[in-house]
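The block underneath contains the structure these notes are about, expressed in structure tokens.
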Amino acid sequence: MGNLHATTIATTPFADQRPGTSGLRKKVEIFKQRHYLENFIQSIFDALEGYQDATFVLGGDGRYYNREAIQKILKIAAANGVGRIIVGQSGILSTPAVSALIRSLKAFGGIVLSASHNPGGPHGDFGIKYNVANGGPAPEKTTEVIYRRTLEIAAFRIVEAEDVDIDRLGETMIGAMRVDIVDSVANYKALMQTLFDFDRIRDAFRSGLTLKFDAMSAVTGPYARALFEEELGAAPGSVINATPLPDFGGHHPDPNLVYARHLYDLAMSDAAPDLCAASDGDGDRNLIIGRGRFVTPSDGLAILAANATIAPGYRKGVAGIARSMPTSGAADRVAEKLGAPLFETPTGWKFFGNLLDAGLVTICGEESAGAGSDHLREKDGLWAVLFWLDMLAARKESVDAIVRQHWTTYGRNYYSRHDYEEVASDGAHALIDALRETLPTLKGKRFGALEIAKADDFAYHDPVDGSDSKHQGLRVMFADGSRIVYRLSGTGTAGATLRVYIERYEPDPARQYLETQAALADLIALSRELAAIERYTQRGAPSVIT
Ligand code: VG1
Ligand code: CO
């Protein structure tokens, strides 16, 4: 194909294209509106500088509309003067694989098509996220420029060309832009081999270690098959639901105790394998359940950090740890013991990027089942599973034993998140506004044995670029170290979702084996009372407890 004609097409702005916690997420019906996707993609290019002739990475989690979106994006990119685009075969690339490719190829940036753990299909959700040259999600200053552009956009550019065959590996051209269709797994797999002791894990599987990994009919299937079964020798059938489906088989690809209940039940049964694990739609989250022991994501972060030097990729130790503010303080105790700094950031992986780039932290995590490290700039589900496998292989102990030993050493942070999903948006905002008003009056107040020591509206000052992010969640902190945090989700696509995070620290080994909801009962009751949740949301109880 020689010079193709690029046309400029007039358009009008949409008012609702502000990216949230992790990109722009909307119902498929919204994305399918005429010019909706085109406007957003053109706004991304309009917001960038100096990208002409540069390389970009493009791929998604295979959900409904992935393939159509890829064809449109390729044609818009060609019309905007992009030099080369690397596309995962059949449009498949996990979020961490995109991040890894951007870094390996020193690309200018990348576009991830995913709504992560949200359901897919014609009536489900779709999403677009722009990642920058370090491989991570664009920082807020960039997403704000993109958003402002979407409010003014008057035209987009697109070439008229045949669709590219994205199922066939190899190189093709759209006008002057080169398109490389690449293996979705190879680059990511090679990176994992530099971080973990594959021989040790292989030996462990040979000696009887057992795994059940559920790809939830989402993007990680091909990666998990290649890594766990083909490369590491886990028994055939260790990976289930391994074919990415456009509607994820009609399920929520969310690896939590509600949507992956069957894994929990398996792990608690007589037939339990040593490790049950799962990842989400786009492959950046992880669920870890050992035989008889669920590992909360907050504990998982702390345990990985405490054991990091077991893995070859982290032999040199941990420079620092970062966690999102609502994530439990379990990692703080590990950082303290390691003599490493601990950073507390707002929710969303984009806030870890600067800390990782500056070498201030090695391992990061969020309570929402995300963990990762400086190997790339996204959270990484299969990385976490490989880390656990390597730890099990090296320590030759069960998940349960590792967790118990961790609590004995560091104490246990009982932790739970209560989500009130899809409540009316007005009521949810009114709740937050009202609670914010009362924060200054809460200090010193007593509720039974609980005394409020401090209450604030979390703000973050980025120590690397000096940027400030305000209103990142309301914190109520108690004299005994317990905590309740309130914030509204920035990834939902219907109404509002109120997240309430509840935590209590228990240093006494004799009291570390209570059921979580029971251990937190008084704080849970207080969380509802303090914010008058039922009055504002008409909900007497949360819809999801994790
Ligand atoms: C949620 C999680 C947050 C995570 C984000 C994206 O955001 O709480 O920790 O970074 O999803 O994860 P929110 O604003 O809904 O609370 V993923 O795997 O959906 O890209
Ligand atoms: Co995700």
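This note's numbering applies: residue 306 is where the sequence shown begins, and numbers increase by one. Glycine included, each C-beta is placed from N, C-alpha and C at the ideal position.
Item: If you draw a straight line from the alpha carbon of I378 to that of E702, how long is it in whole angstroms?; Value: 48 Å
Item: With distances taken Cα to Cα, identify the nearest neighbour of R840 among A830, A815 and L736.; Value: L736
Item: Consider the C-beta atom of R590 and the heavy atoms of the ligand CO; say whether any pair is separated by less than 7 Å.; Value: yes
Item: Are G588 and P318 closer than 8 Å when you measure CB to CB?; Value: no
Item: Does DSSP put I850 in a helix, in a strand, or in coil?; Value: strand
Item: Return the chain-ordered list of same chain residues with a C-beta closer than 6 Å to the C-beta of L309, the five sequence neighbours on each side being excluded.; Value: V464, A466 and G480
Item: Which first and last residues belong to the alpha helix (DSSP H) in which H734 is found?; Value: S730 to L747
Item: If I measure Cβ to Cβ from A858 and keep anything under 8 Å in the same chain, skipping five residues before and after, which residues do I get?; Value: Residue 858 lies beyond the stretch modelled for the chain, which goes from 306 to 851, so this question has no answer here.
Item: In terms of residues, what are the limits of the alpha helix (DSSP H) holding Q498?; Value: A491 to L500
Item: Is N436 helix, strand or coil when you go by DSSP?; Value: strand
Item: May I ask whether a heavy atom of the ligand VG1 can be found less than 7 Å away from the beta carbon of G797?; Value: yes
Item: Exposed or buried, which one is I314 when buried takes at least 16 other CB atoms within 10 Å?; Value: exposed
Item: Less than 7 Å separating the Cβ of G441 from some heavy atom of the ligand CO?; Value: no
Item: Consult DSSP for P276 and reduce its assignment to one of helix, strand or coil.; Value: Outside the modelled stretch of the chain, which goes from 306 to 851, sits residue 276, for which no answer is possible.
Item: From E671 to D767, what does the alpha carbon distance come to, in whole angstroms?; Value: 17 Å
Item: Report all residues from its chain with a CB closer than 6 Å to the CB of R323; omit the five preceding and five following residues, and keep chain order.; Value: Y452
Item: Confirm, please, whether the CB-CB distance from A610 to A636 is below 8 Å.; Value: yes
Item: If we ignore side chains and look at the alpha-carbon of each, how far apart do K621 and K332 end up?; Value: 45 Å
Item: What separation, rounded to the nearest whole angstrom, lies between the Cα atoms of M696 and N591?; Value: 16 Å
Item: Tell me whether E534 is buried or exposed, calling it buried when 16 or more other Cβ atoms sit within 10 Å of its Cβ.; Value: buried
Item: Would you say A420 and R330 are within 8 Å of each other, going by their C-beta atoms?; Value: yes
Item: So for V338, helix, strand or coil by DSSP?; Value: Sequence inspection shows Gln at residue 338; the Val mentioned does not correspond to that position. In this structure, Q338 counts as coil in the three-state DSSP scheme.
Item: Measuring CA to CA, which of P646, D321, G538 and K517 is closest to R507?; Value: G538
Item: Among D552, I486, D468 and D813, which one has its Cα closest to the Cα of G716?; Value: D813
Item: Just checking my contact of V563 with V849 at CB under 8 Å: how many whole Å lie between their CB atoms?; Value: 5 Å
Item: With DSSP as the reference, label M306 as helix, strand or coil.; Value: For M306, the predicted structure reports a pLDDT of 48, less than 50, and the residue's modelled location is therefore unreliable. The matter cannot be settled from this model.
Item: In the DSSP assignment, find the beta strand (DSSP E) that holds L852 and state where it starts and stops.; Value: Residue 852 lies beyond the range of the chain shown here (306 to 851); nothing can be said about it.
Item: Quick one: using the 10 Å Cβ neighbour count with 16 as the cut-off for buried, is G625 buried or exposed?; Value: buried
Item: Return helix, strand or coil for P427, following the three-state DSSP convention.; Value: coil
Item: Ends of the alpha helix (DSSP H) at D508?; Value: F503 to R511
Item: Within 10 angstroms of its Cβ, does Q777 collect 16 or more other Cβ (buried), or is it exposed?; Value: buried
Item: Which whole-angstrom value describes the C-beta separation of I920 and G364, a residue pair presumed to lie in contact below a C-beta threshold of 8 Å?; Value: Nothing can be reported for residue 920, as the shown portion of the chain is limited to 306 through 851.
Item: Taking Cβ positions, are L747 and V781 nearer each other than 8 Å?; Value: yes
Item: Between the segment 339-348 and the segment 496-513, can you find at least three pairs of beta-carbon atoms closer than 8 Å?; Value: no
Item: In angstroms with no decimal places, state the Cα-to-Cα distance between M306 and Q376.; Value: At M306 the pLDDT is 48, less than 50, meaning the model places this residue with poor confidence; the figure from the coordinates comes in the next sentence. The alpha-carbon atoms of M306 and Q376 are separated by roughly 16 Å.
Item: Does the beta-carbon of A729 have 16 or more other beta-carbons within 10 angstroms, so that it is buried, or is it exposed?; Value: exposed
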